[in-house]
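**Student:** A single structure is presented below for examination.
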């Protein structure tokens with residue numbers, strides 16, 4: 011952030027400092043106990059938010075490095091920071107899930123539906139501005155990550171994590187407020203409380219207003235590469251986890267991964283697979299080969315559409331522009347995941363339990379914020395760490411602080427607090 015802008019001695023760039031600052035942060039460590047898709051922990055090690063973020067950062071760095079190389083070949087002159095694209099994307103990838111609540115994507119849905127369908131609807135009448143309402147009903151982990159990185163929590167320094175503007179801009183997939191999102195979508199990039207920070211970033215980096223929707227901004231160009239890194243990792247790694255958990259067979263997994271290769275490359279890969287007899291190692295080899303192919307092609311797509319991306323006229327994602335057979339292979343994997351992985355009983359059980367836990371916590375805490383003078387409310391509010399501003403000036407700020415607390419919980423912490431406030435667990439029993 012601008013408060014910490016200065017020339018530093020040493021070999022690390024500010025973008026590399028962003029990466030290091032995130033790696034050593036408490037919110038990043040907490041990702042190790044936040045569900046990605048499958049239950050944690052289990053007899054089979056599957057991905058959690060931490061391992062997913064590390065893998066996305068690795069792929070993001072590769073995408074940035076390849077794209078940088080291609081851009082330098084395309085243009086006679088490139089600015090010096092072109093070599094830092096990989097570092098910027100890697101740092102933003104590390105942070106992309108920091109704002110996600112516990113229990114996977116169902117956590118976001120649980121928060122949104124608590125306000126739109128549940129007890130949380132009472133909050134609407136207490137908000138200072140009606141436009142704030144969609145911040146709650148459309149609760150979005152991406153916007154929450156931006157808040158976590160930039161907001162000054164009680165007892166913390168101004169500027170939050172003091173990240174570079176380039177890293178923060180790359181993080182934001184949906185650069186507009188919740189009430190400017192499409193009616194049929196809930197995605198947005200920043201809460202109303204954090205709008206001023208984004209506007210400073212947009213002005214400094216020269217981010218354009220959307221040509222068709224003037225109340226929105228266009229994406230920062232590097233965001234497309236972050237999105238692609240995330241898409242590549244969750245699609246392939248969820249499939250690998252599902253195979254280990256026997257939700258899909260090893261043969262089916264190998265068949266799907268082999269769809270990404272042209273006949274000549276597939277022949278060489280098939281010869282290598284004959285050397286390796288372990289099914290898990292075969293799948294790991296195929297998965298790494300697929301990532302290698304996708305990194306090269308996605309970077310090429312990014313450079314080919316450079317002008318549209320810079321002008322804000324690019325439509326869809328980089329994955330959408332993949333040539334066949336890559337696009338068809340990706341779609342087949344996505345369809346398989348939708349019909350076999352994300353509706354698996356273990357996945358649904360985590361989502362159902364998580365929904366119940368988060369809804370209960372939100373109801374108790376919302377009542378405490380609404381009626382802070384009640385005896386039970388006073389006790390419950392004492393349970394919330396002082397870094398969260400529950401004594402904020404406005405009711406909107408108080409509710410955001412409550413969501414800061416809930417969304418920052420790990421799965422284990424949320425379950426433990428749920429049991430305690432329901433009388434199901436006591437520290438001495």
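In our numbering, the protein residues as written are 11 to 439.
Quick reminder that beta carbons are idealized off the backbone N, C-alpha and C, glycines included.
(1) Based on the DSSP output, what are the partners of residue 131 in its beta bridges?
(2) Which whole-angstrom value describes the C-beta separation of residue 25 and residue 77, a residue pair presumed to lie in contact below a C-beta threshold of 8 Å?
(3) Excluding the 5 residues flanking residue 166 on each side, which residues of the same chain have their C-beta closer than 8 Å to its C-beta?
(4) Using beta-carbon positions only, say whether residue 238 and residue 329 come within less than 7 Å of one another.
(5) For the alpha helix (DSSP H) containing residue 258, list its first residue and its last residue.
(6) Per DSSP, what kind of secondary structure is residue 6 in: helix, strand or coil?
(7) Taking the C-alpha atoms as reference points, what is the distance between residue 417 and residue 119?
(8) Going by Cα to Cα distance, which pick from 187, 356 and 253 is closest to residue 224?
(9) Would you please verify whether the beta carbon of residue 327 is less than 7 Å from any beta carbon of chain D?
(10) Can you tell me whether DSSP reads residue 349 as helix, strand or coil?
(11) Can residue 266 and residue 343 be called in contact, C-beta distance under 7 Å?
(12) Out of 368, 381, 371 and 321, point me to the one whose CA is closest to residue 222's CA.
(13) The alpha helix (DSSP H) spanning residue 214 covers which residue range?
(14) How many angstroms separate the CA atom of residue 57 from the CA atom of residue 41?
(15) Among 319, 275, 125 and 286, which one has its Cα closest to the Cα of residue 217?
(16) Give me the Cβ distance between residue 28 and residue 174, rounded to the nearest whole Å; I'm assuming they're in contact under 8 Å.
(17) Quick one: which unbroken alpha helix (DSSP H) runs of 4-plus residues sit fully inside the region 264-333? Chain order, please.
(18) Under a three-way DSSP split, which group does residue 58 fall into?
(19) Check for me: the alpha helix (DSSP H) holding residue 254 runs from which residue to which?
(20) Please state the DSSP three-state secondary structure of residue 227.
(21) Assess contact between the region 105-125 and the region 146-161, defined as three or more Cβ pairs (one per stretch) separated by less than 8 Å. Is contact present?
(22) With DSSP as the reference, please indicate the residues paired to residue 161 in a beta bridge.
(23) Measuring CA to CA, which of 104, 184, 162 and 158 is closest to residue 66?
(24) According to the Cβ coordinates, are residue 99 and residue 160 closer than 7 Å?
(25) For residue 434, does the count of other Cβ atoms within 10 angstroms reach 16, so buried, or fall short, so exposed?
(26) If we ignore side chains and look at the alpha-carbon of each, how far apart do residue 156 and residue 135 end up?
(27) Do three or more CB pairs link the region 379-398 to the region 406-416 at distances below 8 Å?
(28) Pick from 245, 211 and 259: whose alpha carbon is nearest that of residue 230?
(29) When we look at the beta-carbon of residue 274 and count the other beta-carbons within 10 Å, is it buried (16 or more) or exposed?
(30) Is residue 360 closer than 7 Å to residue 61 when the C-beta atoms are compared?
(31) Just confirm the distance between the C-beta atoms of residue 81 and residue 313, as a whole number of angstroms; I'd bet it's less than 8 Å.
(32) Quick one: give me the first and last residue of the alpha helix (DSSP H) that residue 175 is part of.
(33) I'd like to check one pair, residue 236 with residue 102: are the Cβ atoms closer than 7 Å?
(34) What is the DSSP secondary structure of residue 106, counted as helix, strand or coil?
(35) Below 8 Å on the Cβ atoms is my guess for residue 300 versus residue 270; work out the distance and round it to an integer in Å.
(36) Grab the span of the alpha helix (DSSP H) containing residue 369 for me, first residue to last.
**Tutor:** Let me lay it out:
(1) Note: residue 131 sits in no beta bridge, so no partner.
(2) Their Cβ separation, rounded to whole angstroms, is 15 Å, which puts residue 25 and residue 77 out of contact at 8 Å.
(3) 397
(4) yes
(5) Neither: residue 258 is in no alpha helix (DSSP H) and is coded neither H nor E.
(6) Not covered by the structure: residue 6. The range shown for the chain is 11 to 439.
(7) 12 Å
(8) 187
(9) As a matter of chain content, chain D is missing from the structure shown, which is built from one protein chain.
(10) helix
(11) yes
(12) 321
(13) 205-215
(14) 11 Å
(15) 319
(16) 6 Å
(17) 273-285, 289-314 and 316-321
(18) strand
(19) 233-254
(20) strand
(21) yes
(22) Partner(s): none; residue 161 has no beta bridge.
(23) 104
(24) no
(25) exposed
(26) 27 Å
(27) yes
(28) 211
(29) exposed
(30) no
(31) 6 Å
(32) 175-181
(33) yes
(34) coil
(35) 5 Å
(36) 355-380
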